[in-house]
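Taking it in order: structure first as C-alpha cells, then the write-up.
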Amino acid sequence: MRNNKKKKNSPNEQKRKVEKVLTDSSLRVPAILLPLFMLVVLGIVMLSYESTLLFKVQEYNLFLYTPLFFKQCMVSSGGLLTWLGTYFTQYFYHQWIGVLFLCLWWALLMWLTKKAFNIPNKWIVAVLVPVAILAIADFMIGYWLFYLKMRGYYFASTIGMCVVMALVWAYRSLPNKYFIHTLFIIIATITSYPFFGFYGLLATLCMAFITWRLEGMNVTQKVINTIVALLSIAAIPLFYYRMVFHETNIINIYWTGLPLFRIDEDYYTYYIPFYLLVAFVVVASLLFSKNRQTTVKRVNTWAISQVFAIAIIAFATYHFWYKDKNFHTELEMNHCAENLDWEGILTLARDWEDPTRMMWLMKNLALFREGRQGDEMFFYKNGDKKCDAPFTVRMTQTGGKMLYLHYGQTNFCYRWCLEDGVEYGWRVEYYMYMLKCSLVNGEYAVAKKYIDILKKTKYYADWAEKYDAMVKNPALIKKDKELGPIFNVLSPQDVLTSDNTLIEIYLLNTLAHSDGNNPMYQELTLLAALQMKDIDLFWPRFFHYATLHPNAHMPRHYQEAAYLYGHLENKVDISNMPFDKEVIDSYNEFMAAAQSHAGMSEEEMKPLMYDRFGGTFYFEYFFTRNQKSY
C-alpha cells in the first residue's frame with residue numbers, strides 16, 4: 015500500500031529552504047523591504063518630533079520661480095545642487111510633503127548605493143548607512159539653523175550623494191575597451207563639477223578606487239585611470255575657477271556644495287557626517303566585487319548580524335539627533351507667535367523647567383498681547399539658560415525680529431532682516447518681516463517690492479496678496495489683527511541707534527525711560543521699569559498708569575511692587591492706596607518666612623521661598639539676580 019503520510023522536513027532541508035528564500039534572485043525586491051521599512055519609521059519620527067523645525071526650515075529658505083534666481087544659483091560651482099535643494103526644501107511648508115520627498119530621495123539613494131557597489135541582498139542593511147549619516151547631518155545642527163549660509167541644506171547632501179552613486183554605477187558598468195573608462199572619468203568630472211561641486215569630485219575619487227576592483231583591466235589601465243582621476247580632481251576645479259566661476263574663493267573651490275560651520279572659528283564636529291560619507295564610499299569602492307556570492311551559510315548568524323547592524327545604525331542616529339527641549343520649545347513658541355496664538359505660547363511656558371531668555375521674552379509678549387502681563391508675568395519660572403550650542407546664540411537671529419516688530423521697534427526689525435539677509439542669504443522670513451515693517455512705517459512702495467518677490471514663491475504668493483490689498487487701501491493696515499495693535503506701541507521717537515545685539519536690555523532701557531499717553535504703550539513703560547527693578551523709574555510710570563486707568567483694577571504685580579517699594583524706602587506714602595488684601599498678606603508672609611530662614615544663605619533659601627512665593631514680585635526682587643541676556 016502507498017503510504018500517504020507526509021514526511022517531516024529534516025532540519026537541513028528546512029535550512030536549505032530558508033537559504034533559498036534569502037538568496038533566490040527572484041526575491042531581490044522583497045530584500046529591499048527591510049531598509050524601506052526603516053525609512054518609513056524615520057519618516058514618521060521626523061513628522062512626529064520635528065514638524066515645527068521643518069516648517070521653520072522652509073521659512074529660512076527661498077526659492078523663486080524666476081530665471082534670474084536660477085542664474086544667481088549658478089554663479090558658483092554646485093549651483094544646480096543649491097537650486098534643487100532650495101526647490102525641494104520649500105515643500106516643508108506642508109511637512110508631510112517635504113518629508114515624503116526627502117524619503118523618496120533617500121529611497122533612490124539606497125537603490126543607487128546597492129547598484130553602484132553591487133551590495134548583495136544578505137547585506138542589504140548596508141544601504142541604510144549613508145541614509146543614517148545624512149539624517150544625522152540634517153538633524154544634529156540645532157541652532158546652526160539660524161547661521162548656516164548654505165541654501166537647500168536639508169536636501170543638497172542627499173541629492174549630491176545620489177549623483178555620486180549614479181556616476182560610480184555608470185562607471186563600473188562600462189565595457190572595458192577603447193579607454194572608455196578613462197574618457198568617462200574626464201567627461202564626468204567636467205560635467206558634474208559645475209553643477210554639483212564637491213560631489214562631482216567625490217564621484218571621481220570613487221572611480222579612482224573602484225578601478226582597482228574591476229575585472230578584465232590590466233595594471234597599466236588601472237594606473238592610468240587612477241592618475242587621470244586624481245589629475246581631474248586637482249585641475250578641473252582650477253580651470254572653472256579661472257574661466258567661469260570668478261566669484262568663488264580659491265580656497266573653497268574643492269568644497270563647494272558643502273556647508274560651512276564657521277562663526278569666528280570652525281566647529282569641526284559638525285563636519286563629521288560628511289567625513290563619514292566620504293569614508294563610506296571609499297570603503298565600499300575598495301570592497302567592491304562584481305561577482306558576489308549570496309549564499310547564506312548560517313541563517314542564524316546572518317539574522318543576528320542584520321539585527322545588530324540595524325541596532326547600531328538606529329542608536330547612532332538617535333544619539334546624534336539634536337534633542338534639546340528648549341530649542342524645540344523656542345521654535346514652537348515662535349510658530350505660535352506667527353499665528354497670533356498667544357495662548358499656545360502660554361501653554362508651552364507652563365511646562366518649562368529652565369527656560370532661555372528668548373522663551374521668557376516670548377512668554378511676556380504673549381501675556382502683554384492678552385492684557386495679562388501685570389497679573390501673571392511672575393507665575394512662570396524665570397531663567398536664562400544658555401542655548402545648547404558651542405557658540406553664542408544671539409536673539410537677533412533666533413526671534414528678535416519678531417519681538418521688535420510686536421513691540422513697535424519696526425526700524426530695528428527691518429535693520430536686522432536687512433543685515434542678516436546680506437550675511438546669511440535672503441530667506442522668506444526676512445521678506446515677510448520687512449514687508450510688515452514697511453506697511454506699518456507707511457512705506458508702501460517698499461512694501462510692494464517685497465510683495466512682488468513673495469508672489470514668485472510657491473506657498474507665499476497668496477499670503478502676499480493679502481498685503482497687496484493693504485498697499486492699495488492703507489486703511490486696512492490698522493484693522494489687521496497682527497499689524498493693528500503695533501500702532502499702539504510705536505515709539506514716539508523714530509530713531510535707529512545700536513542695540514549691540516542685546517535685544518532684551520535695549521527694549522527695557524528704551525521703554526523704561528519713555529512715556530506716553532497711549533494706554534498700551536504706557537503700560538509697556540511701566541512693565542519695563544518693573545523688570546529693571548528701578549524704583550525711581552517705577553513710581554512716575556505707576557502713577558501715570560493709575561491716571562490712564564482711573565476705574566480699572568490695578569494688576570497684581572504693580573501692586574506688589576508699589577507695596578514693597580513703599581516699605582523699602584518710605585519716599586512715597588502708600589497708606590491710602592487701595593491694595594488688595596492678598597497682596598498685603600503675601601508680603602507679610604514673605605517677610606516672616608525670610609526672617610525664619612535668616613541663618614541660611616541666599617542659595618539655600620531660594621528654593622524654599624520659591625515654593626511659596628515664586629509667583630510674586632517679592633520673590634523676583636530679592637532672589638532673581640544677574641539674569642544673562644544674549
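Numbering-wise (my numbering), the sequence shown opens with residue 15 and increments by one.
Ideal placement from N, C-alpha and C gives every residue a C-beta, glycine not left out.
Under the assumption that A323 contacts V59 (Cβ atoms under 8 Å), give the Cβ distance between them as a whole number of angstroms.
Here residue 323 is taken as the residue at index 309 of the sequence shown, counted from 1. Here residue 59 is taken as the residue at index 45 of the sequence shown, counted from 1. The pair is not a contact, with the Cβ atoms about 19 Å apart (cut-off 8 Å).
Apart from the five residues on each side of it in sequence, which residues of its chain come closer than 7 Å, Cβ to Cβ, to I204?
Walking along the sequence shown from the start, residue 204 turns up at place 190. Scanning its chain for C-beta atoms nearer than 7 Å, with the 5 sequence neighbours on each side dropped, one finds around I204 the residues I250, in chain order.
Determine the closest residue to K339 out of K136, E64, M376, R639, with distance taken between C-alpha atoms.
Numbered from its first residue, the sequence shown carries residue 339 at position 325. The shortest Cα separation from K339 among K136, E64, M376, R639 belongs to E64.
Check whether the segment 164 to 182 touches the segment 207 to 214, counting contact only when three or more Cβ pairs, one atom from each stretch, lie closer than 8 Å.
Segments in contact, yes.
Of the residues C431, Y481, Y447, which one's Cα is nearest the Cα of K462?
Taking the sequence shown and counting its residues from 1, the one referred to as residue 462 is at position 448. Closest option to K462, judged by alpha-carbon separation, among C431, Y481, Y447: Y481.
Sort F275, V89, F69, G629 by Cα distance to F405 and report the nearest one.
Position 391 of the sequence shown holds residue 405. With distances taken between CA atoms, F405 lies nearest to F275 out of F275, V89, F69, G629.
Quick check: the segment 382 to 392 against the segment 531 to 549, are at least 3 beta-carbon pairs closer than 8 Å?
Using a C-beta cut-off of 8 Å, the segment 531 to 549 makes contact with the segment 382 to 392, since at least three inter-stretch Cβ pairs fall below that distance.
So what's R441 in DSSP terms, helix, strand or just coil?
Indexing the sequence shown from 1 puts residue 441 at position 427. In the three-state scheme derived from DSSP, where H, G and I count as helix and E and B as strand, R441 is classed as coil.
Look at the Cβ atom of F169, then the Cβ atom of T103, and state whether they are nearer than 7 Å.
To locate residue 169, count along the sequence shown from 1; it is residue 155. To locate residue 103, count along the sequence shown from 1; it is residue 89. Contact: yes.
Curious, which full-length alpha helix (DSSP H) runs of at least 4 residues does the segment 160 to 213 contain?
If we require 4 residues or more, the alpha helix (DSSP H) runs fully inside the segment 160 to 213 come out as 167 to 187, 194 to 210.
Using only alpha-carbon positions, find the residue among H611, E346, K547 that is nearest to R639.
One-based indexing of the sequence shown puts residue 639 at position 625. Comparing Cα positions, the closest option is K547.
Cβ-based burial, N263 [other Cβ within 10 Å; buried from 16]
Against the sequence shown, residue 263 aligns to sequence position 249. Counting of Cβ neighbours within 10 angstroms places N263 among the exposed residues, the total staying below 16.
Top-ranked residue by Cα proximity to K395, from E367, V407, L379
Taking the sequence shown and counting its residues from 1, the one referred to as residue 395 is at position 381. It is E367 whose Cα lies nearest to the Cα of K395.
S91 beta carbon less than 7 Å from that of P208:
Working through the sequence shown from its first residue, we reach residue 208 at position 194. Working through the sequence shown from its first residue, we reach residue 91 at position 77. Yes, the Cβ-Cβ distance between P208 and S91 is below 7 Å.
Spatial neighbours of Q641 within its chain, please: C-beta separation below 6 Å, excluding the five flanking residues on both sides.
The residue you call residue 641 lines up with position 627 of the sequence shown. The residues are D398.
Where L148 and T240 are concerned, what is the direct C-alpha to C-alpha distance, given to the nearest angstrom?
The residue labelled residue 148 in the question sits at position 134 within the sequence shown. The residue labelled residue 240 in the question sits at position 226 within the sequence shown. Roughly 28 Å between the two C-alpha positions.
May I ask you to verify whether the segment 621 to 633 touches the segment 602 to 612, counting CB pairs closer than 8 Å and requiring at least 3?
Three or more Cβ pairs closer than 8 Å define a contact, and the segment 621 to 633 meets that threshold against the segment 602 to 612.
Do you know how far the Cα of W553 is from the Cα of L159?
Locating residue 159 in the sequence shown gives position 145, where the first residue counts as 1. Locating residue 553 in the sequence shown gives position 539, where the first residue counts as 1. Cα-Cα distance, rounded: 43 Å.
Nearest residue (CA-CA) to I201, options A184, G166, F83
On the sequence shown, residue 201 is found 187 positions in, with the first residue counted as 1. For the residues A184, G166, F83, the minimum Cα distance to I201 belongs to A184.
Starting from M373, follow the alpha helix (DSSP H) in both directions and report where the run begins and ends.
Translated into the one-based positions of the sequence shown, residue 373 becomes position 359. Its alpha helix (DSSP H) spans residues 371 to 383.
Label K450 either buried or exposed according to how many other C-beta atoms from any shown protein chain fall within 10 Å of its C-beta, with 16 as the threshold for buried.
As a first step, residue 450 must be located in the sequence shown, where it is residue number 436. Result: buried.
Tell me the rounded alpha-carbon separation between S40 and A121.
Taking the first residue of the sequence shown as 1, we reach residue 40 at position 26. Taking the first residue of the sequence shown as 1, we reach residue 121 at position 107. Note on S40: pLDDT 41, under 50, position unreliable in the model; no value is reported.
Report back the beta-carbon spacing between A403 and G580 to the nearest angstrom; my notes put them in contact at under 8 Å.
On the sequence shown, position 389 is the one that residue 403 refers to. On the sequence shown, position 566 is the one that residue 580 refers to. G580 and A403 do not touch by the CB rule: their CB atoms are close to 44 Å apart, not below 8 Å.
Measuring CB to CB, does L551 end up less than 7 Å from P533?
Sequence index remark: in the sequence shown, residue 551 carries index 537 (1-based). Sequence index remark: in the sequence shown, residue 533 carries index 519 (1-based). By the CB criterion at 7 Å, L551 and P533 fall outside the cutoff.
With burial defined as no fewer than 16 other Cβ atoms inside 10 Å of the residue's Cβ, what is the status of S246: buried or exposed?
Working through the sequence shown from its first residue, we reach residue 246 at position 232. The residue in question, S246, is buried, as its Cβ has 16 or more Cβ neighbours within 10 Å.
When the Cβ atoms of the segment 62 to 76 are set against those of the segment 97 to 114, are three or more pairs found closer than 8 Å?
Contact holds: three or more Cβ-Cβ distances are below 8 Å.
For I277, does the three-state DSSP call read helix, strand or coil?
Here residue 277 corresponds to residue number 263 of the sequence shown, with the count starting at 1. Here DSSP, grouped into helix, strand and coil, assigns I277 to strand.
Sequence-distant residues of the same chain with beta carbon closer than 7 Å to K495, five excluded per side:
Looking up residue 495 in the sequence shown gives position 481. Correct list, in chain order: L354.
Local conformation of F77 per DSSP, three classes
One-based indexing of the sequence shown puts residue 77 at position 63. Three-state result, F77: coil.
Taking Cβ to Cβ, would you say A380 is nearer than 7 Å to L360?
Against the sequence shown, residue 380 aligns to sequence position 366. Against the sequence shown, residue 360 aligns to sequence position 346. Yes; because the gap between Cβ atoms is below 7 Å, this pair is in contact.
For L300, count neighbouring C-beta atoms within 10 Å of its own C-beta (all shown protein chains included) and say buried if the count is 16 or more, exposed if not.
For the purposes of this step, residue 300 is identified with residue 286 of the sequence shown, where counting begins at 1. Counting the other CB atoms within 10 Å of its CB gives L300 a total below 16, which places it among the exposed residues.
Around the C-beta of F259, are 16 or more other C-beta atoms found within 10 angstroms, so that it is buried, or is it exposed?
Against the sequence shown, residue 259 aligns to sequence position 245. Within a 10 Å sphere around the beta-carbon of F259 sit 16 or more other beta-carbons, which makes this residue buried.
Classify P189 as buried or exposed, calling it buried when 16 or more other Cβ atoms lie within 10 Å of its own Cβ.
What you label residue 189 is simply residue 175 of the sequence shown in a count that begins at 1. Looking at its Cβ environment, which holds fewer than 16 other Cβ atoms inside 10 Å, P189 is exposed.
Beta-carbon spacing of I410, W440 below 7 Å:
The residue labelled residue 410 in the question sits at position 396 within the sequence shown. The residue labelled residue 440 in the question sits at position 426 within the sequence shown. According to the sequence as given, residue 410 is Thr; it is not Ile. In this structure, W440 does not lie closer than 7 Å to T410 by Cβ.
A475 classed as buried or exposed, judged by whether at least 16 other C-beta atoms fall within 10 angstroms:
Locating residue 475 in the sequence shown gives position 461, where the first residue counts as 1. Here A475 is exposed: its Cβ has fewer than 16 other Cβ atoms, across all protein chains shown, within 10 Å.
Use the C-beta contact count for M605: other C-beta atoms within 10 angstroms, 16 or more gives buried, fewer gives exposed.
Your numbering for residue 605 matches position 591 in the sequence shown. Flag for M605 reads exposed.
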